[in-house]
Amino acid sequence: MANEKKKDIETSILPVKYVDFVEDIFHAVLAIALFVIGVVAFFYTTKRLLETEPFFPNGMIQGINDI
Numbered sequence: 003m004a005n006e007k008k009k010d011i012e013t014s015i016l017p018v019k020y021v022d023f024v025e026d027i028f029h030a031v032l033a034i035a036l037f038v039i040g041v042v043a044f045f046y047t048t049k050r051l052l053e054t055e056p057f058f059p060n061g062m063i064q065g066i067n068d069i
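Dropping the structure here:
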């Protein structure tokens, strides 16, 4: 029974606490980057959709393609 419990323990060269911290930082940076990309894409699409002449059908086609 004791041997089975020892097999379930994960070992690592780096401390688990350090790995978790680095992973959290990576996810935070990734989330911020994706959020910024999404906001920029939203405003770019809205601007392009409103400035396209004629609005129908060219503006509608561009808006659908941007999505």
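Going by our numbering, the first residue of the sequence shown is number 3, and it counts up by one from there. Quick reminder that beta carbons are idealized off the backbone N, C-alpha and C, glycines included. This one's a predicted model, so the numbers in the text were calculated from it and none came from an experiment.
8 Å Cβ shell around Val-21 - same chain, five flanking residues per side excluded | The residue given as residue 21 occupies position 19 in the sequence shown. So the list reads Ser-14, once near-sequence residues are dropped.
If we ignore side chains and look at the alpha-carbon of each, how far apart do Pro-17 and Gly-40 end up?
-> Against the sequence shown, residue 17 aligns to sequence position 15. Against the sequence shown, residue 40 aligns to sequence position 38. So the alpha carbons of these two residues sit roughly 35 Å apart.
Could you check what DSSP says for Ile-11 in three-state terms: helix, strand or coil?
-> Along the sequence shown, one-based indexing puts residue 11 at 9. Note: Ile-11 maps to coil in three-state DSSP.
N- and C-terminal bounds of the alpha helix (DSSP H) containing Asn-60 | Reading the sequence shown from its first residue, position 58 is the one you call residue 60. Premise fails: Asn-60 is in no alpha helix (DSSP H) and is neither H nor E.
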